[in-house]
Amino acid sequence: MRNPLSDTVIKMKPSGIRKFFDIVSEMPDAISLGVGEPDFDTPWNIREEGIYSLEKGRTFYTSNAGLLELRQEICNYLERRFRLSYNPKDEVLITVGGSEGIDVALRAMLNPGDEVIIPEPCFVSYVPCVQLAGGVPVTVSLKNENQFRLTKEELEAAITEKTKILMLSYPNNPTGAVMEREDLEAIAEVIIKHDLYVISDEIYAELTYNSGHTSIASLPGMWERTIVINGFSKAFAMTGWRLGFAVGPAMILEQMTKVHQFAIMCAPTNSQYAAVVAMRDCDKDIVRMREAYDQRRRYLLDAFQKMGLSCFEPYGAFYIFPCIKEFGLSSEEFATRLLHSKKVAVVPGDAFGECGEGFLRISYAYSLEELKVAIGRLGEFIEELREGKGND
C-alpha cells in the first residue's frame, strides 16, 4: 500500500511538555509543575454568562470572524490596556485559542520557502506551524546572560533575502523573559529596515510584574506590519473555553479569516458570549490573579537562591527557567530522575529548542502550598546530587 502519511508530520517530534504530564497522570502522589494552566477557576461572572447563553439557546454559528459585540469589546480592551487601536469589523478575528491564531496567520502570510525567524527557547508549536505552512523556520539561540531577550544584533545576523516574518513571544514561554520598550524599539529599527512582518504572541501580556506590557505593534511604524495574537486562557483562567483572538491590518486579517472559515467556521459560540464579560468586567480579576502569581514567583526566586540554584529573575508569564548545568546532567536526565525519585514533574529546557539544554521550565501556575511541597522535594534532590558529586 502507498504510505498514507505526510513526511512533514512524521518528522515532527511530539510535544516535550506532554510527555512528562502523561507520566505524572499515572503516578500517585506526584506533583506536576509542568503544565502552563492557571489553577484559578474562571471568574464567576464569566461562567455565569456562559450558563445564561446556553439557557437562552445561543448555540448557533456566529459570523466567521466572531461576534461583533466581542470584537468591539476586544478593541475597547486593547485600547484601554495597551494603547492599541483596531477596527472591530475588519481588523479582529476570534480564534480557537491563541494557537489557532498563530497557525492561520502563518498559513495566510507564507509562500513556500519563505523564512520565519524564531527566537528560542520558544513555545513548542512555532516551528511545526511554520513547517506546516510551507515556511522555513530559522531559529535564533537566545542567551541566559541577556535574560533571553532578542537583541538587534542577533536579529540582523539571522536575516536573509528570504526572511519574511519574525515570531515574537513576550512575555515568554518558557523563560518568563520580557522585552521592555527600549528593547523592542531596537529590534523595530531592524524590522522596518528589512521590511519584515511580525507575529507577536502576547498571550501573557497581562502577566507582567515589573512594569506594564508594551506591545511592539504600539511602536511607530510597527502597527501596519504586526499581527498581535492574544486570548483568554492565561489572564482570565479560561483554558478549556478555547478562545483567542488576532488583530492586525485588514488586508492580512481578511486572508486569515478565509483560512479560519474553511478550517474552523467559527470559534465556540458559548465561549464568545462569556468572553464579552471577560473583556468588559474582569480587570479586577486579572489584578487579583496577577498578584497571586507574583507572590509565587518571588517565593520561587527566594527558594532557588537559598538552595544555590542559578536563575535569572523572570518578569513575565508564570514560568521560571533555572539553570542546572552544574550537575552535569542533561535537562532530560535531570527531569526524569527528579520525577522518578521525588515525584515532581518539570519540563526539560530543550523541549523549547536546543539552546534550552541545561535549563528546566517550572510553572508556578499552582497553589503556593503545592509549590512549597514540590520545591522541598527539589531541594532534597539537588542536595543528594551535590553530595554524590562531592564523593566522585
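Residues 512 to 903 in our numbering are what the sequence shown spells out, letter by letter.
No residue lacks a Cβ here, since even glycine has one placed at the ideal position from N, Cα and C.
Beta-ladder partner(s) of residue i, from DSSP
i	result
M678	I710
V603	V758
Same chain, Cβ closer than 7 Å to residue i, five either side skipped, listed in chain order
i	result
A786	L581, F743 and L754
L465	In the structure displayed, the chain extends from 512 to 903; residue 465 sits before or after that span and is not available.
V701	K663, L666 and E667
D903	Residue placement at D903 is flagged as unreliable, the pLDDT there being 42, under the threshold of 50; the coordinate-derived value follows with that caveat. If we look at D903 and ignore the five residues flanking it on each side, it has no Cβ neighbours.
D550	A876, Y877 and S878
T573	C777, T780 and Q783
W734	A728
Y810	L879 and L882
G901	Residue confidence for G901 is low, a pLDDT of 44 falling below 50, so the modelled location carries little weight and cannot support an answer.
S680	C633, F634 and D712
G624	V647 and K673
Given residue i as reference, the closest of the options once Cα atoms are compared
i	options	result
E837	I893, Y720 and R791	I893
W555	L871, F747, A876 and A757	F747
S610	S711, T671 and I670	S711
P462	I714, D601 and K663	Past the boundaries of the shown model lies residue 462; the chain is included only from 512 to 903, so the question cannot be answered.
E665	V884, K654 and D518	K654
V635	I528, E868 and I628	I528
I534	C866, R888 and R848	R848
Q783	E559, P525 and G547	E559
C866	C834, S874, I886 and R888	C834
G864	R809, V651, F571 and G624	V651
L544	V709, V798 and F532	F532
I689	F829, E898, I873 and A862	Reading off the sequence, residue 689 comes out as Val, not Ile. It is F829 whose Cα lies nearest to the Cα of V689.
R897	F870, V857 and L840	L840
L871	K522, T519 and V546	V546
V607	K853, H851 and M776	M776
E537	G860, A862 and A856	A856
T674	S517, I703, L812 and E843	I703
D861	A778, E672, F832 and S874	F832
E765	R791, I738 and P779	I738
N683	S526, V798, I873 and K567	I873
R801	L718, A778, I670 and L578	L718
E691	N721, V520 and G624	N721
M523	G751, V638 and C822	V638
N575	A774, A885 and F845	A774
A669	P630, L679 and L882	P630
T671	C633, E626 and T570	E626
E656	L621, E824 and L850	E824
L661	C640, V649, H851 and L695	L695
G751	I886, D518 and E548	E548
I740	G723, A716 and M762	A716
L850	I886, V798, E868 and P623	I886
C633	G687, L589, E895 and S821	G687
L812	L589, I542 and C822	C822
A541	G899, V884 and A814	V884
H705	R807, R736 and H724	R736
Spatial neighbours of residue i in its chain, beta-carbon cut-off 6 Å, leaving aside the 5 residues before and after
i	result
G890	M818
P539	none
L677	I628, L707 and V709
K853	R888 and F892
D796	P554
E843	P859
C474	One cannot answer for residue 474 here, as it falls past the ends of the chain, which runs 512 to 903.
Y826	V689, Y720 and N721
R791	E584
A846	V857 and P859
A699	L730 and M733
Y588	M790
Same chain, Cβ closer than 8 Å to residue i, neighbours up to 5 away in sequence not counted
i	result
I557	F747, M749, A785, A786, V788, A789 and C793
R569	T780, N781 and Y784
L579	P599 and K600
Between the region 766–777 and the region 615–623, do at least 3 Cβ pairs fall closer than 8 Å? yes
Does the region 726–735 touch the region 580–599, meaning 3 or more C-beta pairs lie closer than 8 Å? yes
Unbroken stretches of the beta strand (DSSP E), 3 residues or longer, contained in the region 538–591: none
Is it the case that the region 873–887 contacts the region 639–654, given that we only count it when at least three CB pairs across the two stretches are under 8 Å? no
Which runs of the alpha helix (DSSP H) at least 4 residues long sit entirely within the region 618–705? Give them in chain order. DSSP assignment within the region 618–705 yields the following whole alpha helix (DSSP H) runs of 4 residues or more, N-terminal first: 637–643, 663–669 and 692–704.
Taking only runs that begin and end inside the region 801–887, name each unbroken beta strand (DSSP E) of 3 or more residues, in chain order. 871–874
Quick one: which unbroken beta strand (DSSP E) runs of 3-plus residues sit fully inside the region 709–766? Chain order, please. 737–742 and 755–758
Are there three or more Cβ pairs, one per stretch, closer than 8 Å when the region 598–608 is compared with the region 757–765? yes
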